[in-house]
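Step one of this worksheet: look at the structure below.
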Amino acid sequence: MPQITCLLVPVLLSFILLTRSVIADLRSDLAAANISNVFPGDSGYAKASEPFNLRFDYHPAAITFPSSPQEVSAVVKLGSDHNLNIVPRGGGHSYIANGLGGKNGTLIVDINRFNNIQINPSSNTTIIGAGNRLGDIVQILNQKGRALPHGTCPYVGIAGHTALGGFGFTSRFWGLALDAVIAIDAVLADGKIVKATESIHPDLFWAMRGAAPSFAIITSFEFKTFPVPPHAVVFSYIWQLTYQQASLALLDFQSYALSKPNGPPTHLGGEILLKRGMTRGSVYFELTGAWYGPASDNDGNDAINSTLSAFLSRLPEPVQQSRSGNGSYIDSACVLGGHADLSTSGALESHNTFYAKSIMIPEDQPLLEQASVEFMRRLGSEGFDSEADWYVQIELWGGAESKINSIPIESTAFLRRNTLFTMQLYASSFDTNPPFPKGGFKLLDGLVDTLTSNMPKNWDYGAYTDYIDRRLDNWRTLYYGKNYKRLETIKRQVDPKNIFKFPTSIEL
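With mature numbering (1 follows the signal peptide of the UniProt record, and there is no 0) as the guide, the letters of the sequence shown map in order to residues -24 to -1, 1 to 484.
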């Protein structure tokens, strides 16, 4: 009995502001509405409230599992009646556990039961329930020869991924996931069930493509789909470089990305991956990505090597290079996702203990030489000495004719339509379990400071909402910039009581 009491203490303390009567009434109301749920003390609560990032530990007031828009509406109305903040949870992969409210005492609307997928072959559109995971979507659409732009992890949920951006290796020729959305079915803060499109609730539709969790709970999307590429292969080139060589390599890749017309074609998706080098002062440097063009160029040469030759010719011979996949789009998705089978049915959820930051580098203000040198110097010294496991991904977003940057900036709430690279900086424990390594915050903060301090004072960089970071003081500017004021206005209209609230939600 003493052991059980000790286990319950954190949960009980977390609800000091929630009276027993509120919890009891909410439980009774949900039972009367026949809506599945778990509360603190229930047998399934601990598992249901486990975050993806084990650096956080939040205790929701309750977690509900509705299976229809009407049930979502009922949950929202009940939560509002009991003065609770409400958040949706899809795949549950928020870096800062926003899907658990980002604090104790939030009412969670888990949307995983919204897992329908309907494909309309005549219009080449698909309706996808907000509870679906990327891996399942890839498999089902591929059966009809169709696809969407999105990330590579099979277990990421479509809702949050799309609502905040949705970058993947096909994005340079298809756009972000949110750019493929043509309609959204959602439940507002007053419980009203709505459809939002360019012509129906256009302000809401604009806001939902970039900041959706602040405005409504999505139950389904309608997407336009794209024909799967006839050929696809995953490639990788790996070097062990001194920090000076790594700095030059990054600048060379930047020059290649910006060059016209001989830069990367849109059917090349790629990123630079940086990790701890083998010796102090060195950096692991990898160019990896996917090629969705023909296997050979017009002269019969290997198309990937021909396309990348302007960059590869400036580096030493790679210590390792590879091609993966059988040439089909679905196989490339399996390779990128790290799984032979993309189905997420019955799969165990993975967890980690980590911190991540991001920085979006604009095309018209690319990295200066000094910024690259000092950044790589820091990776080769402090990065080598760090107690944290870490990596840096430098994703190629821009370049000639990138679909991401061709979308008019006013079309959606997603602001950064002038991005060359999106850099994700990620530090974690080596065994994925707590505690978070000492010095992890300092390492990543220092790396970002190194970049910003070696760029002009007016450098208009941003940050990516899918790599959300609650430690940013200026997150409103970095994530939303000039769009934030319009988002505030729409928030007042559709959620005047600020029901949908979490640490990085649009504020009133």
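No residue lacks a Cβ here, since even glycine has one placed at the ideal position from N, Cα and C.
Return yes when the Cβ of proline 125 is within less than 8 Å of the Cβ of glycine 141, no when it is not.
Inclusion of glycine 141 and proline 125 in the CB contact set at 8 Å is not warranted, their separation being larger than that value.
Could you tell me whether the Cβ atoms of tryptophan 373 and threonine 395 are closer together than 8 Å?
Yes, these two residues count as a Cβ contact at 8 Å.
Between phenylalanine 211 and leucine 420, what straight-line distance do the alpha-carbon atoms span, to the nearest angstrom?
Linking phenylalanine 211 to leucine 420 through their CA atoms gives a straight-line distance of about 28 Å.
Using a Cβ distance threshold of 8 Å, determine whether the segment 225 to 232 contacts the segment 309 to 327, with at least three qualifying pairs required.
Cβ pair count under 8 Å is below three, so no.
Does DSSP put valine 157 in a helix, in a strand, or in coil?
Correct three-state label for valine 157: strand.
Looking only at its own chain, which residues have a Cβ that is under 6 Å from the Cβ of serine 282, when we skip the five neighbours before and after it?
Result list for serine 282: Asp273, in chain order.
Return the chain-ordered list of same chain residues with a C-beta closer than 6 Å to the C-beta of valine 132, the five sequence neighbours on each side being excluded.
Cβ neighbours of valine 132 beyond the five flanking positions: Gly67, His69, Leu110.
Taking the continuous alpha helix (DSSP H) assigned at lysine 467, which residues delimit it?
459 to 470 is the span of the alpha helix (DSSP H), which, as asked, contains lysine 467.
Following the continuous alpha helix (DSSP H) through phenylalanine 181, name the residue where it begins and the one where it ends.
Taken as a continuous stretch (DSSP letters only), the alpha helix (DSSP H) holding phenylalanine 181 covers 178 to 187.
Start-to-end residues for the beta strand (DSSP E) that takes in glycine 105:
Here the beta strand (DSSP E) through glycine 105 covers 101 to 105.
Less than 7 Å between C-beta atoms, sequence neighbours within five positions excluded: which residues of the same chain meet that for valine 259?
When the five nearest sequence neighbours on each side are left out, the beta carbons in the same chain lying within less than 7 Å of the beta carbon of valine 259 are those of Leu217, Tyr219, Ala222, Leu250, Gly253, Met352, Leu355, Gly356, in order along the chain.
Taking the C-alpha atoms as reference points, what is the distance between glutamate 30 and arginine 446?
A small correction: the amino acid at residue 30 is leucine; glutamate does not occupy that position in the sequence shown. In a straight line, the C-alpha of leucine 30 is about 15 Å away from that of arginine 446.
Counting only runs that start and end within the segment 295 to 338, where is the beta strand (DSSP E) found for 3 or more residues in a row?
Taken in chain order, the complete beta strand (DSSP E) segments of 3 or more residues contained in the segment 295 to 338 are 296 to 300, 330 to 338.
Would you mind giving the Cβ-Cβ distance between lysine 53 and glycine 167, rounded to the nearest angstrom? I have them listed as a contact below 8 Å.
With a contact defined as Cβ atoms closer than 8 Å, lysine 53 and glycine 167 qualify at about 4 Å.
Can you check whether the CB of glutamine 341 is closer than 8 Å to the CB of aspartate 436?
In this structure, glutamine 341 lies closer than 8 Å to aspartate 436 by Cβ.
Consult DSSP for alanine 271 and reduce its assignment to one of helix, strand or coil.
Annotated three-state conformation of alanine 271 is coil, per DSSP.
Given this structure, state the Cα-to-Cα distance separating glutamine 94 from glycine 314, to the nearest angstrom.
For the pair glutamine 94 and glycine 314, the Cα-to-Cα distance works out to about 26 Å.
Pick helix, strand or coil for glycine 265, following the three-state DSSP scheme.
The three-state secondary structure of glycine 265, taken from DSSP, is strand.
Suppose you measure from the CA of glycine 359 to the CA of proline 413; what does that come to, to the nearest Å?
Cα to Cα, the separation comes out at about 13 Å.
To the nearest angstrom, how far is it from the Cα of glycine 416 to the Cα of isoleucine 380?
Roughly 32 Å separates the two Cα atoms.
Are the segment 71 to 88 and the segment 34 to 41 touching by the rule of at least three beta carbon pairs closer than 8 Å?
Here the segment 71 to 88 makes contact with the segment 34 to 41; the two share three or more CB pairs at distances below 8 Å.
Leaving out five residues on either side along the sequence, give the residues of the same chain with a beta carbon under 6 Å from the beta carbon of serine 56.
Here the set comprises Ile475.
May I ask you to report which of helix, strand or coil DSSP gives threonine 398?
Correct three-state label for threonine 398: strand.
Proline 292 to leucine 263 span [Cα, whole Å]
Just so you know, the alpha carbons of proline 292 and leucine 263 end up roughly 13 Å apart.
Give every residue of the same chain whose Cβ lies closer than 6 Å to the Cβ of tyrosine 21, excluding the five residues on either side of it in the sequence, and list them in chain order.
In chain order, Val14 place their CB closer than 6 Å to the CB of tyrosine 21, counting only its own chain and leaving out the 5 sequence neighbours on each side.
Taking DSSP as the reference, what is the three-state secondary structure of proline 206?
When DSSP states are grouped into helix, strand and coil, proline 206 belongs to the coil group.
Please check the pair proline 203 and glycine 121, which I expect to be a contact at CB under 8 Å, by giving their CB distance rounded to whole angstroms.
About 6 Å separates the two Cβ atoms, so the contact holds.
Quick check on isoleucine 214: does DSSP put it in helix, strand or coil?
Looking at isoleucine 214 - three-state DSSP - the assignment turns out to be strand.
Counting pairs of Cβ atoms below 8 Å between the segment 325 to 344 and the segment 396 to 407, do you hit three or more?
With a cut-off of 8 Å, the segment 396 to 407 and the segment 325 to 344 count as touching, because enough Cβ pairs lie within range.
Residue environment, residue 511, which counts as buried when at least 16 other CB atoms sit within 10 Å
The chain is shown from -24 up to 484; residue 511 falls before or after that span and cannot be answered.
Which value, in whole angstroms, describes the spacing of the CA atoms of asparagine 328 and glycine 276?
Taking the straight line from one Cα to the other gives about 45 Å.
Euclidean distance between Cα positions of threonine 388 and leucine 154:
Distance from the CA atom of threonine 388 to the CA atom of leucine 154, rounded to whole angstroms, is 9 Å.
Cβ-Cβ distance between arginine 392 and isoleucine 383 below 8 Å
No. Outside cutoff.
Measuring CA to CA, which of Gln369, Ile193, Ser25, Ile466 is closest to alanine 139?
Sorting Gln369, Ile193, Ser25, Ile466 by C-alpha distance to the C-alpha of alanine 139 places Ile193 at the top.
Please state whether DSSP places arginine 371 in a helix, a strand or coil.
Note that residue 371 is glutamate in the sequence shown here, rather than arginine. If DSSP states are grouped into helix, strand and coil, glutamate 371 belongs with the strands.
What's the C-alpha gap between proline 479 and glutamine 296?
Looking at the backbone, the Cα of proline 479 and that of glutamine 296 are separated by about 43 Å.
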